[in-house]
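Visitor: Taking the numbering used here, the leading residue of the sequence shown gets 8, the next gets one more, and so forth. Idealized CB from N, CA, C, for every residue including glycine.
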Amino acid sequence: ETKPIQAGLHRHVLINMGNNLNACTKAMCVENIGGTSYGRISPPKGPNKHPDRCLVNTFDDALLLTVPREVVRIIFEYVGSVIVSAGGQHCLAVKIDGEVVGWGGNNFGQTAIPSGLADVRTVCAGWNFSLALMKNGTVSAWGYNRSGQASVPVGLTNVKEISACGAHSLALLENGRVEAWGNNEYGQTTLPEGLENVSAISAGGYHSMALTETGKVWAWGENDYGQTDVPDGLDNVVMIAAGGYHSLALKADGGIEVWGGDNDGQKSVPPSLGRVRSIAAGYYHSLVLLEDGTVRAWGWNEFGQVDVPLGLGRVQAISAGYGFSVAVREDGSLIAWGGVNRSQVNIPRELK
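#1: Report buried or exposed for T235, applying the criterion of at least 16 other Cβ atoms within 10 angstroms of its Cβ.
#2: Apply the 10 Å Cβ neighbour rule to K167 and answer buried if 16 or more other Cβ atoms are within range, or exposed otherwise.
#3: Kindly indicate which three-state DSSP category N204 falls into: helix, strand or coil?
#4: Report the three-state DSSP secondary structure of E357 (helix, strand or coil).
#5: I want to know whether the stretch 108-116 touches the stretch 182-196 - three or more CB-CB distances under 8 Å.
#6: Check each candidate in G189, G173, W188, P238 and name the one with the smallest Cα separation from Y213.
#7: Any idea what DSSP makes of S154, helix, strand or coil?
#8: Does the Cβ of N135 have 16 or more other Cβ atoms within 10 Å, making it buried, or fewer, making it exposed?
#9: Kindly provide the ranges of any beta strand (DSSP E) runs that are 3 or more residues long and lie completely inside the stretch 118-170, ordered along the chain.
#10: May I ask you to report which of helix, strand or coil DSSP gives G346?
#11: Would you mind sorting G346 into buried or exposed? The rule is 16 or more other CB atoms within 10 Å of its CB.
#12: Within 10 Å of its beta-carbon, does L317 have 16 or more other beta-carbons around it, so buried, or fewer, so exposed?
#13: By the three-class DSSP mapping on this structure, what secondary structure does V352 have?
#14: Name the one or two DSSP bridge partners that I103 has.
#15: Going by C-alpha distance, which of N348, R349, R336 is nearest V91?
#16: Distance check for K142 and W149, CA to CA, integer angstroms please.
#17: Taking just the CA atoms, how far does Q96 sit from G183?
#18: Curious, which full-length beta strand (DSSP E) runs of at least 3 residues does the stretch 214-277 contain?
#19: Distance check for A256 and I263, CA to CA, integer angstroms please.
#20: Here's a check: name, in chain order, each residue in its chain whose Cβ is nearer than 7 Å to the Cβ of A287, leaving out the five neighbours to either side.
#21: Are V107 and V130 close, meaning C-beta to C-beta below 8 Å?
#22: Here's the rule: buried if 16 or more other CB atoms are within 10 angstroms of the residue's CB, otherwise exposed. What is N125?
Encoded structure:
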């Protein structure tokens with residue numbers, strides 16, 4: 008039985024490893040675990056927790072399954088799809104088997120995947136540097152490191168989400184705390200006092216964002232364009248995205264809020280947009296995935312990054328970089344458009 012849950016890009020699969028589906032359904036408690044990384048498997052928390060259940064992130068709707076315990080490993084290994092992250096001049100993807108693929112600019116080794124990198128849960132492409140989150144909760148980084156953005160703090164572990172942009176990096180820990188490193192010119196790696204119980208993070212050009220379990224948005228760092236001035240009364244947020252100089256938030260009702268820089272129209276939301284499933288912020292453009300699987304884009308378009316390809320079809324995930332956009336189709340194949348140079352949108356054959 009399938010029941011959709013409005014939770015942005017990150018959907019969940021609830022597996023009941025018992026035998027009584029009706030009893031399980033009556034007692035079921037599904038918590039919104041926000042922007043945790045795809046493929047993560049963990050027991051629900053709270054007063055209604057059940058040790059024989061687990062949440063598995065996937066791009067699909069939430070499923071309630073009753074299966075023998077021995078097949079959980081198989082479901083865990085094969086649920087989900089390709090993960091993609093668009094950066095400044097390059098792009099990264101994780102295949103279902105955990106292999107990382109990189110393409111685009113490589114002037115600082117940002118697409119030179121480290122030898123032995125394996126069991127990767129998710130990746131994030133920054134400006135000429137790359138991050139990878141392992142299934143064991145540790146982080147690897149490579150590429151440009153002038154500001155220490157690729158110098159992962161010693162002993163960092165129990166990480167469940169990563170984000171990179173500009174020249175700084177963020178990591179969300181299992182305990183809801185955030186770690187930050189790299190460029191701090193505008194205070195983007197200086198965490199606000201009282202920030203806790205975080206469920207999602209997003210690094211922008213020179214600012215940072217966090218979403219708490221209660222749906223509250225925090226933002227800090229550069230504010231020359233109002234990108235950290237979270238709108239008054241903004242609540243019930245399920246997803247955040249920090250761009251170069253603007254910020255986006257997706258609400259539980261499928262609506263979005265955009266604030267900050269608008270020199271290229273990146274915060275000018277098109278009228279009659281419809282219900283949004285997922286959001287992504289490029290440096291100067293915005294990208295959304297609608298509930299019907301279609302993609303809309305607006306903002307800076309010098310390289311055609313907001314010209315969504317005709318016949319794109321239904322999409323399950325999106326990512327926006329500097330001057331280019333990427334989408335994961337329903338069949339798991341990738342497509343990209345725009346590009347300061349064609350290397351960013353030249354998808355490797357194995358991912359097409």
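Guide: Concretely, from the data shown:
#1: T235 counts as buried, since at least 16 other C-beta atoms from the protein chains shown sit within 10 angstroms of its C-beta.
#2: With 16 or more other Cβ atoms within 10 Å, it is buried.
#3: Here N204 sits in coil by DSSP.
#4: Here E357 sits in helix by DSSP.
#5: Look at the beta carbons and you see the stretch 108-116 not touching the stretch 182-196: under three pairs across the two are nearer than 8 Å.
#6: Comparing Cα-Cα distances from Y213 to each of G189, G173, W188, P238, the minimum goes to G173.
#7: Collapsing the DSSP output to three states places S154 in coil.
#8: With 16 or more Cβ atoms within 10 Å of its Cβ, N135 is classed as buried.
#9: The stretch 118-170 contains, as complete beta strand (DSSP E) runs of 3+ residues, the segments 127-132, 136-141, 146-150 (chain order).
#10: Residue state, collapsed to three classes: coil.
#11: By the C-beta density criterion, G346 is buried, having at least 16 other C-beta atoms within 10 angstroms.
#12: Under a 10 Å Cβ-count criterion, L317 is classified as exposed, with fewer than 16 other Cβ atoms of the shown protein chains found around its own Cβ.
#13: Here V352 sits in helix by DSSP.
#14: Paired residue(s): none; I103 is not in a bridge.
#15: Put simply, of N348, R349, R336 the residue whose alpha carbon is nearest the alpha carbon of V91 is R336.
#16: Here the C-alpha atom of W149 lies approximately 18 Å from the C-alpha atom of K142.
#17: So the alpha carbons of these two residues sit roughly 31 Å apart.
#18: For the stretch 214-277, whole beta strand (DSSP E) runs of length 3 or above, ordered along the chain, are 214-219, 224-228, 244-249, 253-258, 263-267.
#19: In this structure, the alpha-carbon of I263 lies about 6 Å from that of A256.
#20: A248, L294, I325, S326, A327.
#21: Cβ atoms of V107 and V130: closer than 8 Å.
#22: Just to set this straight, residue 125 is Ala in the shown sequence, not Asn. Under this definition A125 is an exposed residue.
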